[in-house]
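Here the structure is laid out as structure tokens; the discussion comes afterwards.
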Amino acid sequence: MYRTKIFDHIILLLGVFIMVAPVVVAFMTSTHEAADIHRNGLSLTWGGHFVETYQTVLTREGGFTGKITGFNMMLNSMILGLGFAVGKIVLSMLAAYALVYFRFPLATFFFWVIFTTLLLPLEVRILPSYEVMNTLKLTNTYTGLIVPLLASATGTFYFRQFFKSVPDELLEAARIDGAGPFKFFIDVLVPLSRTMMAAIFIIMFVYGWNQYLWPTLMTTDEGFFTLVRGIKQILLVWVGSNIPDYNEAFALAILAMLPPVMIVVIFQRWFIKGLTESDK
Amino acid sequence: MAATTIAEVSKIYHGNVEAVKSVSIDIEDGEFIVLVGPSGCGKSTLLRMVAGLETISKGTVTIGSRVINEVDPAERDIAMVFQNYALYPHMTVYENLAYGLKNRKTPKAEIDARVAEAARMLEIEPYLQRKPRALSGGQRQRVAMGRAIVRKPAAFLFDEPLSNLDAKLRVSMRGEIKRLQKRLGTTSLYVTHDQLEAMTLADRLVVLNGGRIEQIGRPLDVYHRPASTFVASFIGSPAMNLVKGEIEGGNLQIGLYRIELGGRAPVKGPVTVGLRAEDLKLAGVGEDAMLFQVDYVEELGAQRLVHGTIEGQALTIALSPETPLSGDLAVTIAVDRLHFFSTETGKRLERGTSFGNDAPVEALRLETAS
Chain A
1 MYRTKIFDHI ILLLGVFIMV APVVVAFMTS THEAADIHRN GLSLTWGGHF VETYQTVLTR
61 EGGFTGKITG FNMMLNSMIL GLGFAVGKIV LSMLAAYALV YFRFPLATFF FWVIFTTLLL
121 PLEVRILPSY EVMNTLKLTN TYTGLIVPLL ASATGTFYFR QFFKSVPDEL LEAARIDGAG
181 PFKFFIDVLV PLSRTMMAAI FIIMFVYGWN QYLWPTLMTT DEGFFTLVRG IKQILLVWVG
241 SNIPDYNEAF ALAILAMLPP VMIVVIFQRW FIKGLTESDK
Chain B
1001 MAATTIAEVS KIYHGNVEAV KSVSIDIEDG EFIVLVGPSG CGKSTLLRMV AGLETISKGT
1061 VTIGSRVINE VDPAERDIAM VFQNYALYPH MTVYENLAYG LKNRKTPKAE IDARVAEAAR
1121 MLEIEPYLQR KPRALSGGQR QRVAMGRAIV RKPAAFLFDE PLSNLDAKLR VSMRGEIKRL
1181 QKRLGTTSLY VTHDQLEAMT LADRLVVLNG GRIEQIGRPL DVYHRPASTF VASFIGSPAM
1241 NLVKGEIEGG NLQIGLYRIE LGGRAPVKGP VTVGLRAEDL KLAGVGEDAM LFQVDYVEEL
1301 GAQRLVHGTI EGQALTIALS PETPLSGDLA VTIAVDRLHF FSTETGKRLE RGTSFGNDAP
1361 VEALRLETAS
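Keeping their order, the protein sequence lines are chains A and B.
Sequential numbering from 1 applies to the first sequence in my numbering.
Sequential numbering from 1001 applies to the second sequence in my numbering.
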């Protein structure tokens, strides 16, 4: 049995190495100067320019208009990620609540309509969505960035399955206890769904944080740039004999990775609970 | 506390499936009524209609002087105990008990007092701050009952509350429910499929079959005078033996055996004869008897159930464990212990006025027809 254990650990270590090595390389490289990186390529050693690089990245006002800093981009990404995650959870929970607990005509039909939207990701409907937002004059707003992506078939499906697994007697007990539909939702369903909400929050936050295509399309104002777009922006300066600020690009990449990683680490326990067991 | 009337209540589901067929029960104030029947007999549906969890298709339910057909469950002044407890898993025991009162805007001090009182009564005080998942099945059941008690409702509704407990706990909880109900004096409607639970708890029990009432009566009345073969075979353990017989010229003929009924036969022709396992006795020496061919024996400790046949018809006899068993048995039964049912309708046949319950027990005369 002991040998098996060692073997297990080797596999795990290998996995960890493959996952973490690129991140370490990116981090180490980001501490070198741009010229060094251009000459020597990626680096596994400490370059000693950690503070300068990260300070520049976070505070230097860049872009064409010069009014966006790394910190602002981080804030924008955060707004996008949080808005996404929270909005999707609220919307899909309410949709699932209606589908599971209220008898209305064609409920199953509507569920399948929602479900088939899984086949229509943003990339497929990007032009009509843009047209709608443009007509509503919502380009270059947070509303325009977030709202069109809020409807979530995945979330609705998850919550629907979860609500279906909640025993009917709980609803009946609540009804006899004098809780109306609203009270039942807030007092019973929401607390019961906490682990589910955490799980979906992580997925959706990372999804929102990593959005690239939609923000690129929706926002031309640099004040709305997200981190992911910022990285691209730095590498765009490769015109003539300019050396791109590789170090800053790497630093931004590292910064862009941090919040999702932190969220996963913080919510990890709930995440696993939410996807594997129901807390009843 | 209030009297409850269920008047000609029916439940018709989609596709004209009638789950409950025109059931009427008058429940007195403070009475403990048990609805008993096999699964699918409509007992739970009936209870849920009283609770307001199912709509009433026909008929009326009245609690106190109020017709509650269209009243919201929360406004019906009832409390319900569920089979799987249905406690709110994320709330502490205290919050579970207080939730219904809180929703009714009861003052905090009053809630505290009532929860404390219920907790003391049910001996769940040490667990008030725990979550339901940290409690055992019996404790959860107590909490579920506590949730009903704190509301001080006009009626308690129990939906098979003991089915999820193990056998031993079930017996002790049964006693506790009975004691509690007597003490609170609250009208109660209790659903179970367990005839023993029904017998021990009920002031009156209602035997349901296929959505209809087979019999309403006090437990012992139902036991001693079952209204139909269904009730006879459902109430009592072991079930009443039902054998085919024929009445001819005032005598009952079971296979080759003739039993004199003393001119008090209910009808003529074929009948179903009911014999309780404990009414069949071993015949003494020289007594007329029927030959009982032993098939197998179940030892229960306090008694011994002997399964076998008389004239090819299966019967069960309850004997004391001291009785020596050796091969086949000669058994006899007192005439006034015989029950007669119509072979067509299964309804009980009375044996006429001259054969009251207070008639002296006559020794049965058996003759072997040859």
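Glycine included, C-beta positions come from ideal geometry on N, C-alpha and C.
None of the values given here were measured: they were computed from a predicted structure.
Cβ-based neighbour list, residue i, same chain, cut-off 7 Å, excluding 5 preceding and 5 following
{"i": "ALA1019(B)", "result": "LYS1011, TYR1013, GLY1042, THR1045, GLY1211"}
{"i": "GLU248(A)", "result": "THR53, THR56, VAL57, ILE234"}
{"i": "TYR1296(B)", "result": "HIS1307"}
{"i": "LYS1021(B)", "result": "SER1010, GLY1211, ARG1212"}
{"i": "LEU42(A)", "result": "VAL25, THR29"}
{"i": "ALA107(A)", "result": "LEU99"}
Partners in chain B for residue i, counting only beta-carbon separations shorter than 9 Å
{"i": "ALA107(A)", "result": "Here the premise fails: no neighbours, minimum Cβ distance about 16 Å."}
{"i": "LEU91(A)", "result": "What LEU91(A) touches in chain B: nothing, since even the nearest Cβ is about 23 Å away."}
{"i": "LEU192(A)", "result": "TYR1088, PRO1089, HIS1090"}
Secondary structure of residue i, DSSP reduced to three states
{"i": "LEU12(A)", "result": "helix"}
{"i": "SER43(A)", "result": "coil"}
{"i": "LYS1281(B)", "result": "strand"}
{"i": "ILE202(A)", "result": "helix"}
{"i": "VAL228(A)", "result": "helix"}
{"i": "TYR1257(B)", "result": "strand"}
{"i": "THR1187(B)", "result": "strand"}
Residue i: first and last residue of the uninterrupted beta strand (DSSP E) it sits in
{"i": "LYS1105(B)", "result": "It is not in any beta strand (DSSP E) - LYS1105(B) carries neither H nor E in the DSSP assignment."}
{"i": "VAL147(A)", "result": "Element bounds for VAL147(A): n/a, residue is neither H nor E."}
{"i": "PRO1089(B)", "result": "Per DSSP, PRO1089(B) belongs to no beta strand (DSSP E) and is neither H nor E."}
{"i": "HIS1307(B)", "result": "1304–1310"}
{"i": "GLY1274(B)", "result": "1269–1275"}
{"i": "HIS1339(B)", "result": "1339–1342"}
{"i": "GLY1059(B)", "result": "1058–1063"}
{"i": "GLU1299(B)", "result": "1290–1299"}
{"i": "GLY1245(B)", "result": "1241–1248"}
{"i": "VAL1034(B)", "result": "1032–1036"}
{"i": "PHE104(A)", "result": "That residue, PHE104(A), is in no beta strand (DSSP E); it is neither H nor E in DSSP."}
Per-residue contacts from residue i into chain A (C-beta, under 8 Å)
{"i": "ASN1103(B)", "result": "ASP177, GLY178, ALA179, LYS183"}
{"i": "TYR1013(B)", "result": "None at all; the shortest Cβ gap to chain A is about 14 Å."}
{"i": "MET1080(B)", "result": "GLU172, ALA173, ILE176"}
For residue i, the first and last residue of its enclosing alpha helix (DSSP H)
{"i": "THR983(B)", "result": "No information on residue 983(B) is available, as it lies outside the stretch 1001 to 1370 that chain B covers here."}
{"i": "GLY70(A)", "result": "70–101"}
{"i": "PHE111(A)", "result": "107–116"}
{"i": "THR1332(B)", "result": "Here THR1332(B) belongs to no alpha helix (DSSP H); instead the beta strand (DSSP E) covers 1329–1332."}
{"i": "LYS1011(B)", "result": "Counting along the chain, LYS1011(B) falls outside any alpha helix (DSSP H), though it belongs to the beta strand (DSSP E) covering 1004–1013."}
{"i": "THR154(A)", "result": "153–165"}
{"i": "ASP168(A)", "result": "168–176"}
{"i": "TYR54(A)", "result": "50–59"}
{"i": "ASP1378(B)", "result": "Chain B is shown only over 1001 to 1370; residue 1378(B) falls outside these bounds and no answer can be derived."}
{"i": "ARG1133(B)", "result": "That residue, ARG1133(B), is in no alpha helix (DSSP H); it is neither H nor E in DSSP."}
{"i": "GLN1181(B)", "result": "1167–1184"}
{"i": "THR135(A)", "result": "126–135"}
{"i": "ARG1048(B)", "result": "1043–1051"}
{"i": "ALA1155(B)", "result": "That residue, ALA1155(B), is in no alpha helix (DSSP H); its beta strand (DSSP E) goes 1155–1159."}
Contacts of residue i in chain B (Cβ-Cβ under 8 Å)
{"i": "ALA199(A)", "result": "Those within 8 Å of ALA199(A) in chain B number zero; the least Cβ separation is about 17 Å."}
{"i": "GLU222(A)", "result": "Per Cβ cutoff of 8 Å: no residues; GLU222(A) is ~46 Å from chain B at best."}
Cβ shell of residue i (< 8 Å), same chain only, five flanking positions each side left out
{"i": "ARG1218(B)", "result": "ALA1202, ASP1203, ARG1204, LEU1205"}
{"i": "GLY1030(B)", "result": "MET1001, GLY1185, THR1186, THR1187"}
{"i": "LYS1178(B)", "result": "PHE1032, THR1200, LEU1201"}
{"i": "ALA1051(B)", "result": "PRO1073, ARG1076, ILE1078, MET1080, LEU1157"}
{"i": "VAL1294(B)", "result": "VAL1306, HIS1307, GLY1308, LEU1325, GLY1327, ASP1328, LEU1329"}
Chain-order list of residues whose beta-carbon lies under 6 Å from that of residue i (same chain, five-residue window excluded)
{"i": "ALA95(A)", "result": "THR156"}
{"i": "ALA1363(B)", "result": "Residue placement at ALA1363(B) is flagged as unreliable, the pLDDT there being 38, under the threshold of 50; the coordinate-derived value follows with that caveat. None."}
{"i": "MET1199(B)", "result": "PRO1219"}
{"i": "ASP245(A)", "result": "ALA34, ILE234"}
{"i": "ARG1365(B)", "result": "Reliability of the predicted coordinates at ARG1365(B) is poor, the pLDDT of 41 falling under 50, and the value obtained from them is presented with this limitation in mind. The answer, listed in chain order, is GLU1260, ASP1288."}
Proximal chain A residues relative to residue i, where beta-carbon distance stays under 9 Å
{"i": "PRO1266(B)", "result": "Chain A residues near PRO1266(B): none, gap ~47 Å exceeds 9 Å."}
Neighbouring residues, chain A, relative to residue i (Cβ below 7 Å)
{"i": "TYR1094(B)", "result": "What TYR1094(B) touches in chain A: nothing, since even the nearest Cβ is about 14 Å away."}
{"i": "PRO1073(B)", "result": "ARG175, ILE176"}
{"i": "ALA1051(B)", "result": "ILE176"}
{"i": "TYR1099(B)", "result": "ASP177"}
{"i": "ASN1084(B)", "result": "PRO167, GLU169"}
Neighbouring residues, chain B, relative to residue i (Cβ below 7 Å)
{"i": "VAL188(A)", "result": "TYR1088"}
Residue i at chain E interface by Cβ criterion, 8 Å
{"i": "LEU42(A)", "result": "No chain E is present in this structure, whose protein chains are A and B."}
Counting pairs of beta carbons, one from the stretch 167–174 of chain A and one from the stretch 141–155 of chain A, are three or more of them closer than 8 Å?
-> Using a C-beta cut-off of 8 Å, the stretch 167–174 of chain A makes no contact with the stretch 141–155 of chain A, since fewer than three inter-stretch Cβ pairs fall below that distance.
Okay, do the stretch 1105–1115 of chain B and the stretch 1129–1145 of chain B touch, 3+ Cβ pairs below 8 Å being the bar?
-> Three or more Cβ pairs closer than 8 Å define a contact, and the stretch 1105–1115 of chain B falls short of that threshold against the stretch 1129–1145 of chain B.
Would you say the stretch 1027–1042 of chain B touches the stretch 1068–1082 of chain B, given that touching needs at least three Cβ pairs under 8 Å?
-> By the Cβ rule, the stretch 1027–1042 of chain B does not count as touching the stretch 1068–1082 of chain B, because fewer than three pairs are nearer than 8 Å.
Using 8 Å as the Cβ pair cut-off and three pairs as the minimum, do the stretch 206–214 of chain A and the stretch 72–88 of chain A touch?
-> With the cut-off at 8 Å, the stretch 206–214 of chain A and the stretch 72–88 of chain A touch.
Cβ pair count under 8 Å reaching 3, the stretch 1159–1168 of chain B against the stretch 247–266 of chain A = Because the criterion of three Cβ pairs below 8 Å is not met, the stretch 1159–1168 of chain B and the stretch 247–266 of chain A do not touch.
Can we say the stretch 1090–1102 of chain B touches the stretch 175–182 of chain A, given the rule of at least three CB pairs closer than 8 Å?
-> Yes, they touch.
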